[in-house]
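Per my numbering, the sequence shown starts with residue 1, numbered consecutively.
Every residue gets a Cβ at the ideal spot worked out from N, C-alpha and C, and that includes glycine.
Since the model is a prediction, treat every value here as computed from it, not as a measurement.
Notes follow the structure.
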Amino acid sequence: MRVGDEVCFGDLIEPWQEADFRALDPTWRMLALGVPSEQDAQTVYRRIWLQRPRGHSKTSDLAMQLMWLLKFSRRNLQGVIAAADREQAGLLLAGVKRLMQANPEQSEELEIKAQSVGNRQTGSRMSLISSDVGSSWGITPDLVVCDELCHWEKREMWESLCSSIAKTAGGVLIVLTNAGVGRDWQWDVKELARTSPDWYYSSLSGVQAPWISERVIDEQRRLLPPAVFDRLWNNLWQESRGSFVTRDEAARCEDDVLKIQQVGQRGVRYVAAIDYAEKRDYTVGVIVHRDGSKVVVDRMDVVVPDTDHPTPVKWVDAWMEQMAGCFPGVEFVVDEYQLLGTIQRLEGVYPVRRFEFASGRGNHELALLLRQLILQQEIAWPVGCGEISGGVQQDDLTSELASVELKHTSGGRVRIDHRHDGKSHDDRVFALGAACLTLVKSEARQEEWLEVDEDSWCVD
1 MRVGDEVCFG
11 DLIEPWQEAD
21 FRALDPTWRM
31 LALGVPSEQD
41 AQTVYRRIWL
51 QRPRGHSKTS
61 DLAMQLMWLL
71 KFSRRNLQGV
81 IAAADREQAG
91 LLLAGVKRLM
101 QANPEQSEEL
111 EIKAQSVGNR
121 QTGSRMSLIS
131 SDVGSSWGIT
141 PDLVVCDELC
151 HWEKREMWES
161 LCSSIAKTAG
171 GVLIVLTNAG
181 VGRDWQWDVK
191 ELARTSPDWY
201 YSSLSGVQAP
211 WISERVIDEQ
221 RRLLPPAVFD
231 RLWNNLWQES
241 RGSFVTRDEA
251 ARCEDDVLKI
261 QQVGQRGVRY
271 VAAIDYAEKR
281 DYTVGVIVHR
291 DGSKVVVDRM
301 DVVVPDTDHP
311 TPVKWVDAWM
321 EQMAGCFPGV
331 EFVVDEYQLL
341 GTIQRLEGVY
351 PVRRFEFASG
361 RGNHELALLL
371 RQLILQQEIA
381 WPVGCGEISG
391 GVQQDDLTSE
401 LASVELKHTS
411 GGRVRIDHRH
421 DGKSHDDRVF
431 ALGAACLTLV
441 KSEARQEEWL
451 EVDEDSWCVD
(Lines of atoms letter the chains of each structure in order from A and count residues from 1; the text may use other names and numbers.)
(Lines give C-alpha, C1' and ligand atoms only; values in the text may rest on other atoms or scores of the structure.)
Protein backbone atom coordinates (compact mmCIF):
# COMPACT_ATOMS: atom_id res chain seq x y z
CA MET A 1 0.00 0.00 0.00
CA ARG A 2 2.81 2.39 0.81
CA VAL A 3 5.50 3.52 -1.63
CA GLY A 4 8.92 4.99 -0.99
CA ASP A 5 11.17 3.19 1.45
CA GLU A 6 8.56 0.51 2.07
CA VAL A 7 7.78 -2.41 -0.23
CA CYS A 8 4.33 -2.41 -1.81
CA PHE A 9 2.10 -5.38 -1.02
CA GLY A 10 1.42 -5.86 -4.73
CA ASP A 11 5.08 -6.70 -5.26
CA LEU A 12 4.96 -9.49 -2.68
CA ILE A 13 1.52 -11.01 -3.09
CA GLU A 14 1.39 -14.76 -3.65
CA PRO A 15 -0.85 -16.26 -6.39
CA TRP A 16 -3.18 -17.91 -3.86
CA GLN A 17 -3.58 -14.57 -2.06
CA GLU A 18 -4.26 -12.73 -5.29
CA ALA A 19 -6.92 -15.29 -6.27
CA ASP A 20 -8.87 -14.61 -3.06
CA PHE A 21 -8.44 -10.84 -3.36
CA ARG A 22 -9.75 -10.82 -6.95
CA ALA A 23 -12.69 -13.06 -6.11
CA LEU A 24 -13.79 -10.83 -3.23
CA ASP A 25 -13.23 -7.42 -4.86
CA PRO A 26 -16.84 -7.25 -6.16
CA THR A 27 -18.12 -8.00 -2.65
CA TRP A 28 -16.14 -5.14 -1.11
CA ARG A 29 -17.26 -2.74 -3.85
CA MET A 30 -20.87 -3.76 -3.28
CA LEU A 31 -20.57 -3.12 0.46
CA ALA A 32 -18.93 0.26 -0.13
CA LEU A 33 -21.60 1.38 -2.61
CA GLY A 34 -24.64 -0.25 -1.04
CA VAL A 35 -25.59 -2.03 -4.27
CA PRO A 36 -23.50 -4.02 -6.74
CA SER A 37 -22.39 -2.22 -9.87
CA GLU A 38 -23.61 -3.51 -13.21
CA GLN A 39 -20.27 -5.15 -13.92
CA ASP A 40 -20.19 -6.84 -10.47
CA ALA A 41 -23.80 -7.98 -10.31
CA GLN A 42 -23.03 -11.58 -11.28
CA THR A 43 -19.84 -11.99 -9.27
CA VAL A 44 -20.75 -10.73 -5.79
CA TYR A 45 -20.46 -13.33 -3.02
CA ARG A 46 -22.43 -12.69 0.15
CA ARG A 47 -21.26 -15.89 1.83
CA ILE A 48 -17.53 -16.57 2.04
CA TRP A 49 -15.42 -19.41 3.52
CA LEU A 50 -11.65 -18.80 3.73
CA GLN A 51 -9.66 -21.74 5.12
CA ARG A 52 -5.87 -21.60 5.21
CA PRO A 53 -3.05 -23.31 7.11
CA ARG A 54 -1.32 -21.60 10.00
CA GLY A 55 0.84 -18.65 9.10
CA HIS A 56 -0.75 -18.01 5.70
CA SER A 57 -1.81 -14.41 6.26
CA LYS A 58 -5.54 -14.96 6.46
CA THR A 59 -5.86 -12.44 9.31
CA SER A 60 -3.54 -9.89 7.70
CA ASP A 61 -5.20 -10.17 4.29
CA LEU A 62 -8.68 -9.65 5.68
CA ALA A 63 -7.43 -6.77 7.86
CA MET A 64 -6.23 -5.07 4.68
CA GLN A 65 -9.60 -5.50 3.02
CA LEU A 66 -11.48 -4.22 6.06
CA MET A 67 -9.24 -1.17 6.20
CA TRP A 68 -10.03 -0.44 2.54
CA LEU A 69 -13.76 -0.89 3.16
CA LEU A 70 -13.83 1.45 6.16
CA LYS A 71 -11.83 4.09 4.31
CA PHE A 72 -13.69 4.09 0.99
CA SER A 73 -17.26 3.15 1.87
CA ARG A 74 -19.68 5.89 0.79
CA ARG A 75 -22.22 4.90 3.41
CA ASN A 76 -22.41 4.14 7.09
CA LEU A 77 -21.49 0.47 7.46
CA GLN A 78 -21.86 -1.49 10.66
CA GLY A 79 -20.08 -4.82 11.06
CA VAL A 80 -18.93 -7.24 13.73
CA ILE A 81 -15.85 -9.40 14.20
CA ALA A 82 -16.89 -12.47 16.19
CA ALA A 83 -14.70 -15.11 17.82
CA ALA A 84 -14.79 -17.62 20.64
CA ASP A 85 -13.01 -15.14 22.93
CA ARG A 86 -11.96 -11.49 22.86
CA GLU A 87 -8.28 -12.37 22.52
CA GLN A 88 -8.93 -14.10 19.20
CA ALA A 89 -11.34 -11.42 17.99
CA GLY A 90 -8.73 -8.79 18.81
CA LEU A 91 -6.16 -10.30 16.44
CA LEU A 92 -7.99 -8.98 13.40
CA LEU A 93 -8.33 -5.57 15.01
CA ALA A 94 -4.60 -5.63 15.80
CA GLY A 95 -3.91 -6.42 12.14
CA VAL A 96 -5.82 -3.30 11.06
CA LYS A 97 -3.91 -1.25 13.63
CA ARG A 98 -0.55 -2.42 12.28
CA LEU A 99 -1.59 -1.49 8.75
CA MET A 100 -2.71 1.95 9.89
CA GLN A 101 0.62 2.53 11.60
CA ALA A 102 2.53 1.44 8.50
CA ASN A 103 0.34 3.55 6.20
CA PRO A 104 -0.62 6.71 8.10
CA GLU A 105 -1.45 8.66 4.94
CA GLN A 106 -4.06 6.03 4.06
CA SER A 107 -5.72 5.99 7.46
CA GLU A 108 -6.28 9.59 8.49
CA GLU A 109 -10.05 9.12 8.70
CA LEU A 110 -9.79 5.90 10.67
CA GLU A 111 -9.67 5.44 14.45
CA ILE A 112 -8.93 2.45 16.63
CA LYS A 113 -10.68 1.99 19.94
CA ALA A 114 -10.40 -0.81 22.47
CA GLN A 115 -13.14 -2.91 20.89
CA SER A 116 -13.64 -1.42 17.43
CA VAL A 117 -12.18 0.32 14.39
CA GLY A 118 -14.14 2.94 12.50
CA ASN A 119 -14.27 5.93 10.17
CA ARG A 120 -14.78 9.28 11.92
CA GLN A 121 -16.41 10.87 8.88
CA THR A 122 -18.87 8.21 7.73
CA GLY A 123 -19.52 6.51 11.06
CA SER A 124 -18.69 3.10 9.60
CA ARG A 125 -17.44 0.71 12.26
CA MET A 126 -16.34 -2.88 12.85
CA SER A 127 -16.90 -3.96 16.47
CA LEU A 128 -15.65 -6.99 18.40
CA ILE A 129 -17.94 -9.52 20.02
CA SER A 130 -17.10 -12.86 21.62
CA SER A 131 -18.93 -15.89 22.92
CA ASP A 132 -21.31 -13.79 25.00
CA VAL A 133 -24.30 -15.00 23.01
CA GLY A 134 -26.62 -12.36 24.37
CA SER A 135 -24.61 -9.60 22.71
CA SER A 136 -25.08 -11.11 19.25
CA TRP A 137 -28.88 -11.26 19.25
CA GLY A 138 -30.89 -8.36 17.89
CA ILE A 139 -28.14 -6.78 15.79
CA THR A 140 -28.57 -5.98 12.07
CA PRO A 141 -25.01 -5.85 10.70
CA ASP A 142 -23.93 -5.25 7.12
CA LEU A 143 -20.89 -7.50 7.57
CA VAL A 144 -20.14 -10.37 9.94
CA VAL A 145 -16.67 -11.92 10.23
CA CYS A 146 -16.54 -15.23 12.10
CA ASP A 147 -12.91 -15.74 13.09
CA GLU A 148 -11.64 -19.30 13.70
CA LEU A 149 -15.13 -20.79 13.54
CA CYS A 150 -13.72 -24.29 13.98
CA HIS A 151 -12.81 -23.44 17.58
CA TRP A 152 -16.21 -22.13 18.61
CA GLU A 153 -17.64 -24.33 21.34
CA LYS A 154 -20.99 -22.56 21.45
CA ARG A 155 -23.20 -23.03 18.42
CA GLU A 156 -25.68 -20.42 19.67
CA MET A 157 -23.54 -17.46 18.63
CA TRP A 158 -23.20 -18.86 15.11
CA GLU A 159 -26.96 -19.28 14.89
CA SER A 160 -27.62 -15.75 16.13
CA LEU A 161 -25.15 -14.23 13.66
CA CYS A 162 -26.50 -16.25 10.74
CA SER A 163 -30.01 -15.08 11.45
CA SER A 164 -28.83 -11.49 12.00
CA ILE A 165 -27.05 -11.24 8.66
CA ALA A 166 -30.11 -12.65 6.90
CA LYS A 167 -32.12 -9.65 8.11
CA THR A 168 -29.88 -7.19 6.24
CA ALA A 169 -30.35 -6.80 2.50
CA GLY A 170 -26.95 -7.32 0.93
CA GLY A 171 -25.42 -8.48 4.21
CA VAL A 172 -22.12 -10.38 3.94
CA LEU A 173 -20.98 -13.30 6.11
CA ILE A 174 -17.29 -14.30 6.13
CA VAL A 175 -15.82 -17.36 7.86
CA LEU A 176 -12.08 -17.19 8.48
CA THR A 177 -10.59 -20.41 9.84
CA ASN A 178 -8.09 -23.24 9.93
CA ALA A 179 -9.18 -26.81 9.31
CA GLY A 180 -11.26 -28.27 12.11
CA VAL A 181 -11.77 -31.51 13.98
CA GLY A 182 -14.69 -33.93 13.85
CA ARG A 183 -17.95 -33.95 11.95
CA ASP A 184 -20.09 -31.68 14.04
CA TRP A 185 -21.93 -28.47 13.17
CA GLN A 186 -18.77 -26.69 11.92
CA TRP A 187 -18.23 -29.54 9.48
CA ASP A 188 -21.81 -29.12 8.25
CA VAL A 189 -21.24 -25.41 7.64
CA LYS A 190 -18.01 -26.16 5.82
CA GLU A 191 -19.67 -28.72 3.57
CA LEU A 192 -22.49 -26.30 2.77
CA ALA A 193 -19.94 -23.66 1.82
CA ARG A 194 -17.97 -26.14 -0.29
CA THR A 195 -20.95 -27.41 -2.26
CA SER A 196 -23.19 -24.35 -2.56
CA PRO A 197 -22.90 -22.02 -5.59
CA ASP A 198 -23.92 -19.15 -3.33
CA TRP A 199 -20.67 -19.41 -1.33
CA TYR A 200 -17.13 -18.47 -2.24
CA TYR A 201 -15.16 -21.43 -0.89
CA SER A 202 -11.37 -21.26 -0.69
CA SER A 203 -9.22 -23.88 1.06
CA LEU A 204 -5.46 -23.86 0.59
CA SER A 205 -3.69 -27.24 0.59
CA GLY A 206 -0.42 -27.58 2.46
CA VAL A 207 2.28 -25.06 3.30
CA GLN A 208 2.65 -22.62 0.41
CA ALA A 209 3.83 -19.44 2.13
CA PRO A 210 7.47 -18.72 1.20
CA TRP A 211 8.03 -16.91 4.51
CA ILE A 212 7.60 -20.17 6.47
CA SER A 213 10.94 -21.96 6.40
CA GLU A 214 11.51 -25.69 6.04
CA ARG A 215 13.29 -25.59 9.39
CA VAL A 216 10.13 -24.36 11.11
CA ILE A 217 7.97 -26.97 9.38
CA ASP A 218 10.39 -29.78 10.23
CA GLU A 219 10.39 -28.68 13.85
CA GLN A 220 6.60 -28.55 13.95
CA ARG A 221 6.42 -32.01 12.43
CA ARG A 222 8.59 -33.30 15.29
CA LEU A 223 6.72 -31.42 18.00
CA LEU A 224 3.13 -32.17 17.04
CA PRO A 225 1.23 -35.43 16.64
CA PRO A 226 0.67 -36.27 12.95
CA ALA A 227 -3.06 -35.50 13.09
CA VAL A 228 -2.41 -32.11 14.68
CA PHE A 229 0.34 -31.28 12.21
CA ASP A 230 -1.90 -32.19 9.28
CA ARG A 231 -4.70 -30.02 10.62
CA LEU A 232 -2.60 -26.94 11.38
CA TRP A 233 -0.07 -27.01 8.56
CA ASN A 234 -1.55 -29.16 5.78
CA ASN A 235 -5.02 -27.68 6.36
CA LEU A 236 -6.64 -31.12 6.49
CA TRP A 237 -9.86 -31.61 8.44
CA GLN A 238 -9.37 -34.28 11.10
CA GLU A 239 -11.71 -36.99 12.29
CA SER A 240 -10.41 -36.66 15.88
CA ARG A 241 -8.19 -34.37 17.92
CA GLY A 242 -5.13 -36.59 17.86
CA SER A 243 -3.50 -38.25 20.80
CA PHE A 244 -0.84 -36.56 22.91
CA VAL A 245 1.56 -39.51 22.83
CA THR A 246 1.05 -43.22 22.23
CA ARG A 247 1.33 -45.81 24.97
CA ASP A 248 4.59 -47.11 23.44
CA GLU A 249 6.09 -43.61 23.36
CA ALA A 250 5.21 -43.07 27.03
CA ALA A 251 6.35 -46.56 28.07
CA ARG A 252 9.81 -45.96 26.57
CA CYS A 253 10.35 -43.36 29.29
CA GLU A 254 9.80 -45.90 32.08
CA ASP A 255 13.07 -46.88 33.73
CA ASP A 256 13.01 -50.10 35.78
CA VAL A 257 16.20 -49.04 37.56
CA LEU A 258 14.59 -45.92 39.02
CA LYS A 259 12.79 -46.14 42.36
CA ILE A 260 10.37 -43.86 44.13
CA GLN A 261 12.53 -41.51 46.20
CA GLN A 262 11.81 -40.80 49.83
CA VAL A 263 14.62 -38.28 50.30
CA GLY A 264 16.69 -36.09 48.01
CA GLN A 265 20.36 -35.22 47.79
CA ARG A 266 21.97 -31.94 48.70
CA GLY A 267 23.24 -29.95 45.76
CA VAL A 268 20.48 -31.21 43.45
CA ARG A 269 17.81 -28.76 42.30
CA TYR A 270 14.31 -30.18 42.85
CA VAL A 271 11.03 -28.79 41.56
CA ALA A 272 7.70 -29.97 42.98
CA ALA A 273 4.35 -29.21 41.30
CA ILE A 274 0.92 -29.65 42.85
CA ASP A 275 -2.38 -29.97 40.97
CA TYR A 276 -5.19 -29.79 43.52
CA ALA A 277 -8.85 -30.78 43.16
CA GLU A 278 -11.26 -31.16 46.04
CA LYS A 279 -13.96 -33.49 44.68
CA ARG A 280 -14.05 -34.82 41.13
CA ASP A 281 -10.42 -34.85 39.99
CA TYR A 282 -7.24 -36.22 41.45
CA THR A 283 -4.84 -34.23 43.58
CA VAL A 284 -1.26 -34.82 42.44
CA GLY A 285 2.12 -33.88 43.87
CA VAL A 286 5.21 -34.60 41.78
CA ILE A 287 8.94 -33.93 42.22
CA VAL A 288 11.51 -33.80 39.39
CA HIS A 289 15.18 -32.98 38.98
CA ARG A 290 17.79 -32.90 36.24
CA ASP A 291 20.26 -35.78 35.86
CA GLY A 292 22.56 -35.04 32.93
CA SER A 293 20.46 -34.71 29.80
CA LYS A 294 17.30 -36.13 31.37
CA VAL A 295 14.56 -34.88 33.62
CA VAL A 296 13.97 -37.53 36.28
CA VAL A 297 10.72 -38.00 38.17
CA ASP A 298 11.57 -38.71 41.81
CA ARG A 299 8.07 -39.38 43.06
CA MET A 300 4.42 -38.80 42.22
CA ASP A 301 1.76 -38.93 44.93
CA VAL A 302 -1.91 -39.16 43.95
CA VAL A 303 -5.00 -38.68 46.09
CA VAL A 304 -8.33 -39.97 44.75
CA PRO A 305 -11.41 -38.33 46.28
CA ASP A 306 -14.82 -39.92 46.59
CA THR A 307 -18.30 -38.56 47.23
CA ASP A 308 -18.04 -38.78 50.99
CA HIS A 309 -14.36 -37.93 51.30
CA PRO A 310 -13.22 -34.88 49.29
CA THR A 311 -9.52 -34.07 49.35
CA PRO A 312 -8.85 -31.40 52.00
CA VAL A 313 -6.50 -28.50 51.32
CA LYS A 314 -4.58 -29.50 54.44
CA TRP A 315 -3.27 -32.52 52.47
CA VAL A 316 -1.38 -30.06 50.26
CA ASP A 317 0.04 -28.21 53.26
CA ALA A 318 1.17 -31.48 54.85
CA TRP A 319 2.68 -32.79 51.60
CA MET A 320 4.62 -29.56 51.03
CA GLU A 321 5.94 -29.63 54.60
CA GLN A 322 7.02 -33.27 54.26
CA MET A 323 8.70 -32.77 50.88
CA ALA A 324 10.49 -29.61 52.04
CA GLY A 325 11.97 -31.66 54.86
CA CYS A 326 13.00 -34.56 52.62
CA PHE A 327 14.20 -32.76 49.48
CA PRO A 328 16.62 -29.94 50.37
CA GLY A 329 15.79 -26.60 48.75
CA VAL A 330 12.84 -27.94 46.75
CA GLU A 331 10.93 -25.25 44.85
CA PHE A 332 7.15 -25.61 44.74
CA VAL A 333 4.93 -24.80 41.75
CA VAL A 334 1.36 -24.09 42.82
CA ASP A 335 -1.80 -23.02 40.98
CA GLU A 336 -2.70 -19.55 42.23
CA TYR A 337 -6.37 -20.06 41.37
CA GLN A 338 -6.69 -23.37 43.23
CA LEU A 339 -4.45 -22.73 46.24
CA LEU A 340 -4.19 -19.02 46.88
CA GLY A 341 -4.62 -19.51 50.63
CA THR A 342 -1.84 -22.10 50.71
CA ILE A 343 0.45 -19.80 48.76
CA GLN A 344 -0.19 -16.91 51.13
CA ARG A 345 0.51 -19.10 54.14
CA LEU A 346 3.64 -20.81 52.88
CA GLU A 347 5.41 -18.64 50.30
CA GLY A 348 7.36 -16.95 53.08
CA VAL A 349 8.41 -20.36 54.43
CA TYR A 350 9.30 -22.26 51.22
CA PRO A 351 10.27 -21.20 47.69
CA VAL A 352 6.87 -21.04 45.96
CA ARG A 353 6.29 -20.20 42.30
CA ARG A 354 2.80 -19.41 41.03
CA PHE A 355 1.63 -21.15 37.87
CA GLU A 356 -1.77 -20.64 36.26
CA PHE A 357 -2.80 -24.17 35.33
CA ALA A 358 -5.82 -22.81 33.42
CA SER A 359 -3.97 -20.18 31.36
CA GLY A 360 -3.68 -20.63 27.60
CA ARG A 361 -0.05 -19.65 27.09
CA GLY A 362 1.22 -21.70 30.04
CA ASN A 363 -0.66 -24.82 29.00
CA HIS A 364 0.51 -24.44 25.40
CA GLU A 365 4.16 -24.36 26.47
CA LEU A 366 3.58 -27.16 28.96
CA ALA A 367 2.02 -29.45 26.34
CA LEU A 368 4.69 -28.91 23.69
CA LEU A 369 7.59 -29.23 26.12
CA LEU A 370 6.33 -32.39 27.80
CA ARG A 371 5.59 -34.06 24.49
CA GLN A 372 9.06 -33.22 23.18
CA LEU A 373 10.70 -34.57 26.33
CA ILE A 374 8.80 -37.84 25.95
CA LEU A 375 9.41 -38.29 22.22
CA GLN A 376 13.12 -37.59 22.61
CA GLN A 377 13.27 -39.75 25.76
CA GLU A 378 14.71 -36.85 27.72
CA ILE A 379 12.52 -37.68 30.70
CA ALA A 380 12.36 -40.85 32.81
CA TRP A 381 10.18 -42.15 35.63
CA PRO A 382 9.98 -45.37 37.68
CA VAL A 383 7.73 -48.18 36.48
CA GLY A 384 4.32 -47.70 38.08
CA CYS A 385 4.91 -44.00 38.77
CA GLY A 386 1.72 -42.34 40.04
CA GLU A 387 -0.08 -45.68 40.21
CA ILE A 388 -3.60 -45.98 41.60
CA SER A 389 -4.24 -49.50 42.78
CA GLY A 390 -7.49 -51.42 42.95
CA GLY A 391 -8.65 -51.08 39.36
CA VAL A 392 -8.98 -53.75 36.71
CA GLN A 393 -6.74 -51.92 34.23
CA GLN A 394 -3.37 -50.25 34.65
CA ASP A 395 -3.83 -46.74 36.04
CA ASP A 396 -0.57 -44.83 36.36
CA LEU A 397 1.29 -41.96 34.73
CA THR A 398 2.08 -43.96 31.60
CA SER A 399 -1.52 -44.98 31.00
CA GLU A 400 -2.79 -41.45 31.64
CA LEU A 401 -0.30 -39.99 29.17
CA ALA A 402 -1.57 -42.42 26.53
CA SER A 403 -5.18 -41.44 27.17
CA VAL A 404 -5.02 -37.64 27.01
CA GLU A 405 -5.50 -35.59 23.85
CA LEU A 406 -4.46 -32.24 22.48
CA LYS A 407 -7.28 -29.73 22.31
CA HIS A 408 -6.93 -26.68 20.06
CA THR A 409 -7.93 -23.33 21.52
CA SER A 410 -9.41 -20.35 19.72
CA GLY A 411 -6.05 -18.54 19.84
CA GLY A 412 -4.38 -21.25 17.80
CA ARG A 413 -2.65 -22.80 20.77
CA VAL A 414 -2.93 -26.32 22.12
CA ARG A 415 -3.58 -27.69 25.58
CA ILE A 416 -3.78 -31.10 27.16
CA ASP A 417 -7.28 -32.39 27.80
CA HIS A 418 -8.78 -35.66 29.01
CA ARG A 419 -11.63 -37.53 27.39
CA HIS A 420 -14.89 -36.42 28.92
CA ASP A 421 -16.21 -39.91 29.56
CA GLY A 422 -16.53 -39.72 33.34
CA LYS A 423 -13.50 -41.98 33.81
CA SER A 424 -10.47 -40.27 32.29
CA HIS A 425 -8.16 -37.77 33.99
CA ASP A 426 -5.24 -35.50 33.10
CA ASP A 427 -4.10 -34.37 36.57
CA ARG A 428 -0.88 -36.41 36.64
CA VAL A 429 0.07 -35.12 33.21
CA PHE A 430 -0.61 -31.48 34.14
CA ALA A 431 1.37 -31.68 37.36
CA LEU A 432 4.32 -33.32 35.59
CA GLY A 433 4.22 -30.78 32.78
CA ALA A 434 4.17 -27.84 35.17
CA ALA A 435 7.15 -29.22 37.08
CA CYS A 436 9.13 -29.86 33.88
CA LEU A 437 8.31 -26.45 32.42
CA THR A 438 9.43 -24.68 35.59
CA LEU A 439 12.63 -26.70 35.78
CA VAL A 440 13.53 -26.19 32.12
CA LYS A 441 12.69 -22.49 31.87
CA SER A 442 14.81 -21.69 34.90
CA GLU A 443 17.91 -23.40 33.56
CA ALA A 444 20.43 -20.91 32.33
CA ARG A 445 21.51 -23.02 29.35
CA GLN A 446 18.05 -24.13 28.26
CA GLU A 447 18.47 -23.29 24.59
CA GLU A 448 21.50 -25.56 24.19
CA TRP A 449 19.47 -28.71 24.67
CA LEU A 450 15.89 -27.61 23.89
CA GLU A 451 15.51 -26.06 20.47
CA VAL A 452 11.92 -24.84 20.40
CA ASP A 453 11.28 -21.73 18.33
CA GLU A 454 8.53 -19.88 20.20
CA ASP A 455 7.70 -17.75 17.16
CA SER A 456 6.71 -20.87 15.25
CA TRP A 457 4.01 -21.72 17.79
CA CYS A 458 1.76 -18.71 17.34
CA VAL A 459 2.12 -17.37 13.80
CA ASP A 460 -0.89 -15.72 12.16
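- Burial state of W199 is buried, judged by a 10 Å Cβ sphere holding 16 or more other Cβ atoms.
- The criterion of a C-beta distance shorter than 8 Å is not satisfied by D426 and A277.
- Between N234 and the set H56, N103 and V333, the nearest pair of CA atoms involves H56.
- With three or more CB-CB distances shorter than 8 Å, the segment 136–153 counts as touching the segment 162–180.
- Among the bridge pairs identified by DSSP, H309 is matched with D306.
- Taken in chain order, the whole alpha helix (DSSP H) runs of length 4 or more contained in the segment 158–203 are 185–195.
- Where T283 is concerned, the enclosing beta strand (DSSP E) starts and stops at T283 to D291.
- Annotation for A209: no beta strand (DSSP E) segment contains it, and DSSP assigns it neither H nor E.
- Counting C-beta pairs with one atom in each stretch, the segment 75–90 and the segment 38–46 have fewer than three that are closer than 8 Å, which means they do not touch.
- With a minimum length of 3 residues, the unbroken runs of beta strand (DSSP E) contained wholly in the segment 364–433 fall at 379–382, 405–408 and 414–417.
- Counting along the chain, V334 sits inside the beta strand (DSSP E) bounded by residues E331 to V334.
- Leaving aside the five residues that flank W158 on each side, the residues in its chain whose CB is nearer than 8 Å to its CB run, in chain order, C146, L149, W152, W185 and V189.
- For the pair E365 and F244, the CB atoms are not nearer than the 8 Å cut-off.
- Cβ contact annotation for D256 (same chain, cutoff 6 Å, sequence separation greater than five): V383, in chain order.
- Around the beta carbon of K314, fewer than 16 other beta carbons lie within 10 angstroms, which makes this residue exposed.
- In the DSSP assignment, M100 is bridged to no other residue.
- Considered as a whole, the segment 204–272 harbours 214–223, 226–232 and 247–251 as its complete alpha helix (DSSP H) runs of no fewer than 4 residues, in chain order.
- Per DSSP, the unbroken alpha helix (DSSP H) holding R29 starts and ends at P15 to L33.
- For N76, DSSP records no beta bridge to any residue.
- From the listed residues A435, E105 and G118, the smallest Cα separation to R353 is found for A435.
- Taking T311 as the centre and dropping the five residues before and after it, the same chain places the C-beta of E278, T283, V303 and P305 closer than 6 Å to its C-beta, in chain order.
- Closest in C-alpha terms to M300, from the list A102, G433 and N119, comes G433.
- Nearest in C-alpha terms to V286, of all of V228, Q372 and F327, is F327.
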